[in-house]
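J.:
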Amino acid sequence: EMITATLGAQCMSWETSPAATELEQRMMEWLGSMIGLPSEFEGVIQDSASTATLCAILSARERATEWRGNECGLRSENDLVVYGSTECHSSIERAVKIAGLGRSNFHKIAVDENFGLDPQALADAIEADKLAGRQPICVVVALGSTSSSAIDPLMSVAKICHQQNLWLHVDAAWAGAALIDPDFRWMIEGVERADSFVFNPHKWLFTNFDCSAYFVRSPETLLKTLAILPEYLKSQGGDAVRNYRDWSVPLGRRFRALKLWFVIRTYGVNRLREMIRAHVDLAQTLAGLIDMEEDFERLAPTPLALVCFRYRPRPLDSGMELDTLNEKLVAKINGGGKAYLTHTRLAGNYAVRISIGQTTTERRHVEDLWNLIKSTARTLGPSD
């Protein structure tokens, strides 16, 4: 970051910073290969997955309206509908709002017992919307949802999108880093049918914020959606060079590729895989410790490095009382200053979340945290 700031590169075009542009292209090629994406995907580094998702929704909108949205607005269009599971990230709904589609046209699809999107419910929703005169345009698949680490069934959803000619966007913002280990690539079976894919190296690939890798199967669609060329931006090279200003919403861009180059060159792919695997193994260790206790229960599967659970002392069984008790547990742990917990709601229940991803986390840290949670929880009562 210090070197990037010192260089002060303006990375909006090849002409303003050819070295930065070329390095960004190489880094996206490296990343695509590292996580097993098909070679036809091309990428750009965005500031966040939220921006990448907005680009995907805008591209889906323009392809579905045959570019009338950009030219004439959406007044003459039917309601354009985007789909995602009830577990998908809030940035999806936000992108739908910003894209002018209307919040009511983001349809949340029911999930299965593992919190993954239900393909049959999706297919039914699409047909119902078509019968009602609405136009489905996009489905967002979550690989590693924020709340529960849910993995949507990409292959099944990809088939539906292919049949219905819908844009398929894959949101792997957090979990995508795990794909550098081939053992986790079962998550992306069917990705060759996706139109866009995003994951954040700044979340779990040991890279400073901001660095979000956005891949598209058809760069032409993205460029046609976002590009505009006033006289003062015309430069030499034309189509022979890449101008990343046309690949994202902002015109000005930072030199984000440099820090990613340093991370990959410093650790190497094999060491990065080892670090990701170590975090997953630690999460499995914690899940096993939770399962051994009668007064704790996990509330979601643990396929990666996120563990969701709650304290459930017997005979307490009231959902509201359990929620209150676990809220107190989180507040007391966080107030103590030794650890910091977060929470979510799963199937209506208050759940404690522990995400393991810090570079130097070891088994002893996980065991110490678990002992702290147990001892703290067992001092709590309904009136505390």
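Numbering (the numbering used here), first residue to last: 416 to 799. In this text, a Cβ means the ideal position worked out from N, Cα and C, and glycines have one as well.
Counting along the chain, where does the alpha helix (DSSP H) carrying V572 start and finish?
T.: Along the sequence shown, read from residue 1 onward, the residue named residue 572 stands at position 157. V572 -> alpha helix (DSSP H) spans 569-579.
J.: Are the CB atoms of L581 and P551 within a distance shorter than 8 Å?
T.: For the purposes of this step, residue 551 is taken as residue 136 along the sequence shown, with counting starting at 1. For the purposes of this step, residue 581 is taken as residue 166 along the sequence shown, with counting starting at 1. Going by C-beta atoms, P551 is nearer than 8 Å to L581.
J.: Can you give the Cα-Cα distance for E457 and R632, rounded to whole angstroms?
T.: As a first step, residue 457 is located in the sequence shown; it is residue number 42 there, counting from the start. As a first step, residue 632 is located in the sequence shown; it is residue number 217 there, counting from the start. Their Cα atoms are separated by approximately 6 Å.
J.: Would you grab the beta carbon distance between A590 and S627 for me? Rounded to a whole angstrom, and I think it's under 8 Å.
T.: Sequence index remark: in the sequence shown, residue 590 carries index 175 (1-based). Sequence index remark: in the sequence shown, residue 627 carries index 212 (1-based). About 14 Å separates the two Cβ atoms, so there is no contact after all.
J.: Excluding five sequence neighbours on each side, which residues of the same chain lie with their C-beta closer than 8 Å to the C-beta of L569?
T.: Position 154 of the sequence shown holds residue 569. Closer than 8 Å at Cβ, skipping near neighbours: V556, L558, V585, M602, I603, E604, G605, V606, A609.
J.: Name the two residues that bound the continuous beta strand (DSSP E) containing Q550.
T.: Reading the sequence shown from its first residue, position 135 is the one you call residue 550. That run of the beta strand (DSSP E) goes 550-557.
J.: Excluding the 5 residues flanking T561 on each side, which residues of the same chain have their C-beta closer than 6 Å to its C-beta?
T.: Position 146 of the sequence shown holds residue 561. H504.
J.: Report, in whole angstroms, the separation of the C-beta atoms of R725 and Y755, which I expect to be a contact under 8 Å.
T.: On the sequence shown, residue 725 is found 310 positions in, with the first residue counted as 1. On the sequence shown, residue 755 is found 340 positions in, with the first residue counted as 1. Rounded, the Cβ-Cβ distance is 17 Å, inconsistent with contact.
J.: Exposed or buried, C487, counting other C-beta atoms within 10 Å across all chains shown (16 or more means buried)?
T.: The sequence position of residue 487 within the sequence shown is 72, counting from 1. Per the 10 Å Cβ criterion, exposed.
J.: Is it buried or exposed, H694, if we count other Cβ atoms within 10 angstroms and call 16 or more buried?
T.: Here residue 694 refers to the residue found at position 279 of the sequence shown. The residue in question, H694, is buried, as its Cβ has 16 or more Cβ neighbours within 10 Å.
J.: Can you tell me which of the three DSSP states Y726 falls into?
T.: If you number the sequence shown from 1, residue 726 lands on position 311. Reduced to three states, the DSSP call for Y726 is strand.
J.: How far does the beta strand (DSSP E) with K523 in it reach, from first residue to last?
T.: Working through the sequence shown from its first residue, we reach residue 523 at position 108. Residues 521-524.
J.: What is the C-beta distance between W619 and M442, in whole angstroms, given that I count them as a contact (C-beta under 8 Å)?
T.: In the sequence shown, residue 619 corresponds to position 204, counting from 1. In the sequence shown, residue 442 corresponds to position 27, counting from 1. W619 to M442, Cβ: 17 Å. No contact.
J.: Name the residue from D567, C553, E477 whose alpha carbon lies nearest to the alpha carbon of P716.
T.: Here residue 716 refers to the residue found at position 301 of the sequence shown. Here the closest residue by C-alpha is D567.
J.: Is there at least one non-hydrogen atom of the ligand MG closer than 7 Å to the beta-carbon of V745?
T.: Only the bare structure without any ligand can be found here, which leaves the ligand MG out of the picture.
J.: Between the C-alpha atoms of A746 and I507, what's the straight-line distance to the nearest angstrom?
T.: The sequence position of residue 746 within the sequence shown is 331, counting from 1. The sequence position of residue 507 within the sequence shown is 92, counting from 1. Using only the alpha carbons, I get a separation of about 29 Å.
J.: Using the C-alpha atoms, what's the distance from D462 back to Y659?
T.: Taking the first residue of the sequence shown as 1, we reach residue 659 at position 244. Taking the first residue of the sequence shown as 1, we reach residue 462 at position 47. Each residue's alpha carbon lies about 13 Å from the other.
J.: Excluding sequence positions up to five away, which residues of its chain have a Cβ less than 7 Å from the Cβ of W785?
T.: The residue given as residue 785 occupies position 370 in the sequence shown. Excluding sequence neighbours, W785 sits near L701, L704.
J.: Are the region 490-504 and the region 520-537 in contact at 8 Å, needing three or more beta carbon pairs?
T.: At 8 Å Cβ cutoff, the stretches touch.
J.: What is the residue span of the alpha helix (DSSP H) that G484 lies within?
T.: Against the sequence shown, residue 484 aligns to sequence position 69. Run containing G484: 483-487, per the alpha helix (DSSP H) assignment.
J.: Return the Cβ separation of F612 and F630 in integer angstroms, given the expectation that the two are a contact with Cβ distance under 8 Å.
T.: Here residue 612 is taken as the residue at index 197 of the sequence shown, counted from 1. Here residue 630 is taken as the residue at index 215 of the sequence shown, counted from 1. Yes, F612 and F630 are in contact; Cβ-Cβ is about 4 Å, under 8 Å.
J.: Runs of 3 residues minimum, wholly inside the region 432-513: which ones carry the beta strand (DSSP E) assignment?
T.: Complete beta strand (DSSP E) runs here, min 3: 457-461, 495-500.
J.: For V585, does the three-state DSSP call read helix, strand or coil?
T.: Taking the sequence shown and counting its residues from 1, one reaches residue 585 at position 170. Strand.
J.: In terms of residues, what are the limits of the alpha helix (DSSP H) holding A672?
T.: The count along the sequence shown starts at 1 and reaches residue 672 at position 257. Where A672 is concerned, the enclosing alpha helix (DSSP H) stretches over 672-706.
J.: Taking a contact to mean a Cβ-Cβ separation below 8 Å, would you say I748 touches T776 in this structure?
T.: As a first step, residue 748 is located in the sequence shown; it is residue number 333 there, counting from the start. As a first step, residue 776 is located in the sequence shown; it is residue number 361 there, counting from the start. No, these two residues do not count as a Cβ contact at 8 Å.
J.: Buried or exposed, going by whether 16 or more other CB atoms sit within 10 Å of the CB of V526?
T.: Looking up residue 526 in the sequence shown gives position 111. The residue is buried, with at least 16 neighbouring Cβ atoms inside 10 Å.
J.: Can you round the beta-carbon distance between I472 and A514 to whole angstroms, since I take them to be within the 8 Å contact cut?
T.: Taking the sequence shown and counting its residues from 1, one reaches residue 472 at position 57. Taking the sequence shown and counting its residues from 1, one reaches residue 514 at position 99. 5 Å between Cβ atoms; contact.
J.: Please look up how many angstroms separate the CB atoms of D596 and I460, rounded, as I've assumed it's under 8 Å.
T.: To locate residue 596, count along the sequence shown from 1; it is residue 181. To locate residue 460, count along the sequence shown from 1; it is residue 45. In fact, because the Cβ distance is near 22 Å, the residues do not count as touching under 8 Å.
J.: With DSSP run on the structure shown, which of helix, strand or coil describes A540?
T.: Locating residue 540 in the sequence shown gives position 125, where the first residue counts as 1. Helix at A540.
J.: Using the DSSP secondary-structure output, state which residues sit across from R779 in a beta bridge.
T.: Taking the sequence shown and counting its residues from 1, the one referred to as residue 779 is at position 364. For R779, which the question treats as bridged, DSSP gives no partner whatsoever.
J.: Note the first and the last residue of the continuous alpha helix (DSSP H) segment covering L714.
T.: Against the sequence shown, residue 714 aligns to sequence position 299. From DSSP, L714 is part of no alpha helix (DSSP H); its letter is neither H nor E.
J.: CB-CB under 8 Å to D710, same chain, minus the five flanking residues each way: which ones, in chain order?
T.: In the sequence shown, the residue the question calls residue 710 occupies position 295. Cβ neighbours of D710 beyond the five flanking positions: Y726, R727, P728, R729, A792, R793.
J.: Excluding the 5 residues preceding and the 5 following T622 in the sequence, name in chain order all residues of the same chain whose CB lies nearer than 8 Å to its CB.
T.: Here residue 622 corresponds to residue number 207 of the sequence shown, with the count starting at 1. Here the set comprises P616, K674, L675, V678.
J.: Measuring alpha carbon to alpha carbon, tell me which of R478, D661, L737, L787 ends up nearest K753.
T.: The residue you call residue 753 lines up with position 338 of the sequence shown. That would be L787, whose Cα lies nearest to the Cα of K753.
J.: Report the rounded CA-to-CA distance for S454 versus G683, giving the unit in angstroms.
T.: Translated into positions along the sequence shown, residue 454 becomes position 39. Translated into positions along the sequence shown, residue 683 becomes position 268. Near 21 Å, if we compare the C-alpha coordinates of G683 and S454.
J.: Check the C-beta distance from I524 over to L537 and give it rounded, since I have them as a contact under 8 Å.
T.: In the sequence shown, the residue the question calls residue 524 occupies position 109. In the sequence shown, the residue the question calls residue 537 occupies position 122. At roughly 5 Å, the Cβ-Cβ gap stays under 8 Å, so I524 and L537 are in contact.
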